[in-house]
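One line per chain: the protein sequences are A and B, in this order. Oh and the first sequence: position 1 is 1 in the working numbering, straight run, nothing missing. When you read off a place in the second sequence, starting at 1, and then add 114, the result is the number in the working numbering.
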Amino acid sequence: DAMVIQNPRYQVTQFGKPVTLSCSQTLNHNVMYWYQQKSSQAPKLLFHYYDKDFNNEADTPDNFQSRRPNTSFCFLDIRSPGLGDAAMYLCATSRDPSSVDTQYFGPGTRLTVL
Amino acid sequence: GQQLNQSPQSMFIQEGEDVSMNCTSSSIFNTWLWYKQDPGEGPVLLIALYKAGELTSNGRLTAQFGITRKDSFLNISASIPSDVGIYFCAGLPLGGGSNYKLTFGKGTLLTVNP
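1) If you measure from the beta carbon of A87/A to each beta carbon in chain B, is any gap under 8 Å?
2) Who are the Cβ neighbours of T176/B in its own chain at under 6 Å, not counting the five residues just before and after it?
3) Taking buried to mean at least 16 other C-beta atoms within 10 Å of its own C-beta, is V12/A buried or exposed?
4) Output the distance between the C-alpha atoms of R9/A and L147/B, rounded to the nearest integer angstrom.
5) Would you mind telling me which residues of chain B sit closer than 9 Å to F105/A, beta carbon to beta carbon, in chain order?
6) Please report how far the alpha carbon of L159/B lies from the alpha carbon of T225/B, in whole angstroms.
7) On the CB-based measure, 16 or more other CB atoms within 10 Å of its CB, does M135/B come out buried or exposed?
8) Between which two residues does the beta strand (DSSP E) holding G199/B run?
9) Less than 7 Å between C-beta atoms, sequence neighbours within five positions excluded: which residues of the same chain meet that for F105/A?
10) Please list the partners that S66/A has in chain B, where partner means a Cβ-to-Cβ separation under 7 Å.
11) Could you have a look at S121/B and say whether DSSP puts it in helix, strand or coil?
12) If I follow the unbroken beta strand (DSSP E) through I161/B, where does it start and stop?
13) Examine chain A for any beta-carbon lying closer than 8 Å to the beta-carbon of K268/B, and answer yes or no.
14) For G221/B, collect the residues of the same chain with a Cβ closer than 6 Å to its Cβ; drop the 5 residues on either side in sequence, then sort them by chain order.
15) If you follow the beta strand (DSSP E) that H29/A is in, where does it begin and where does it stop?
16) To be precise: take each residue of the stretch 192-218 of chain B, compare its Cβ to all Cβ atoms of chain A, and keep it if any distance is under 7 Å. Which residues remain?
17) When DSSP labels each residue in this structure, what does L83/A get in the three-state scheme?
18) Taking 8 Å as the CB-CB limit, is P140/A close to chain B?
19) From the beta carbon of T145/B, is the nearest beta carbon of chain A less than 8 Å away?
20) Starting from the C-beta of N227/B, find all residues in its chain whose C-beta is less than 6 Å away, skip the five residues before and the five after it, and write them out in chain order.
21) Give me, in chain order, the residues of the same chain whose beta-carbon lies closer than 8 Å to that of R67/A; leave out the 5 immediate sequence neighbours on both sides.
22) Between the alpha carbons of L111/A and S140/B, how many angstroms are there, rounded?
23) Buried or exposed: N89/B, going by 16 or more other Cβ atoms within 10 Å of its Cβ?
24) List, in order along the chain, the chain B residues whose C-beta lies closer than 9 Å to that of V12/A?
Dropping the structure here:
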C-alpha cells in the first residue's frame, strides 16, 4: 500500500558523478516536494512542483535540479555531487500547497558520496 | 525566516513513563503538525492542529495548539519501546507564508529504555 515510493533506498556515487533519485506516488497529488535531510537535522526543502510549475527555494544550489514528467513521477538530479551533498533525500506529496496536513513523505534515499 | 524552537533536543526515559515535548515560535502559526521519524525512514504525520486551543489525541499521543498560536506541545503517555525515534514539530505561518512552506523544528530524539 506504499503511497510515496523512492528508489533506490540507498545510493552511492562518486564525487562529481551525476546521480538521479526517483520518486513516484499513487495518491494523485498535485504537489511533489524534495527535501534534503542531514544527520540530526530537520528536513530542508529544496524545491517543489505544483502540477507542472517548478518552485525553487532561494538557497537551493544550482547543482540540484528536478524533473516531473507526469503527475506520478518526480526526479532529483544532482549534477556534480560533492561530499557535502551526502544526506537523506526525502520526497513528499500533498494534494495542494495549502493542504500541508496531506503531506506524505516517502521513505527516503540515503545518498553517500565517495 | 520563520524559526521553530523545539525542546528538549533529546530525552532518555523508562518504558511506561510519560513524555512531553514542545515547540515555540516568535511569530504566529496557522497550522501545527507533529511527525515521527524512525531511523532510515521518512517522517510520518502523527497529529495535525488547526485552531488555537485545539487539543487532539491519537491513541497515546495528545497534542495541543497553543492559545497564543505561537506554540504547541506533544505528550506521549505510557511510553513503549517502539516510541523510539525523532519527533518533529512543523508549522505553517499565518497567511501561508512563502508558498505554504512548512517550517520544521530541529527534532526531539526519544530513547525508551525497556
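Heads up, the beta-carbon is just placed ideally off N, CA and C, and yes, glycines get one too.
In terms of the structure at hand:
1) It does not: the Cβ of A87/A has no partner Cβ on chain B nearer than 8 Å.
2) For T176/B, same chain residues with a beta-carbon under 6 Å away, outside a window of 5 residues either side, are N189 in chain order.
3) An exposed status is given to V12/A, since fewer than 16 other beta-carbon atoms sit within 10 Å of its beta-carbon.
4) Whole-angstrom Cα-Cα distance: 26 Å.
5) Within 9 Å of the CB of F105/A, the CB atoms of chain B belong to Y149, Q151, E155, G156, P157, V158, L159, in sequence order along the chain.
6) One Cα belongs to L159/B, the other to T225/B, and the distance between them is close to 19 Å.
7) Per the 10 Å Cβ criterion, buried.
8) Per DSSP, the unbroken beta strand (DSSP E) holding G199/B starts and ends at 199-207.
9) Excluding five sequence positions before and after F105/A, the CB atoms of its chain that fall closer than 7 Å to its own CB belong to V4, L90, A92, given in chain order.
10) Here the premise fails: no neighbours, minimum Cβ distance about 15 Å.
11) S121/B: strand per DSSP, three-state reduction.
12) Segment 158-163, the beta strand (DSSP E) holding I161/B.
13) Residue coverage of chain B in this structure runs from 115 to 228, which leaves residue 268/B outside it and unanswerable.
14) Setting aside the 5 residues that flank it on each side, G221/B is surrounded in the same chain by I200, F202, each with a C-beta closer than 6 Å to its C-beta; the list follows chain order.
15) Unbroken run through H29/A: none, as it is neither H nor E.
16) Taking 7 Å as the Cβ-Cβ cut-off, the stretch 192-218 of chain B approaches chain A at F202, L206, G210, N213, Y214, K215, L216, F218, given in chain order.
17) If DSSP states are grouped into helix, strand and coil, L83/A belongs with the helices.
18) No answer is possible for residue 140/A: it lies beyond the span of chain A, which begins at 1 and ends at 114.
19) For T145/B, the nearest beta carbon of chain A is closer than 8 Å to its own beta carbon.
20) Excluding residues within five positions, the ones whose Cβ falls inside 6 Å are Q128.
21) For R67/A, the CB contacts under 8 Å within the same chain, skipping 5 residues up- and downstream, are C74, F75, D77 in chain order.
22) Rounded to whole angstroms, the gap between the alpha carbons of L111/A and S140/B is 34 Å.
23) Residue numbering for chain B in the displayed model covers 115 to 228; residue 89/B lies beyond these limits and cannot be assessed.
24) Within 9 Å Cβ-Cβ: nothing; V12/A doesn't reach chain B, min ~15 Å.
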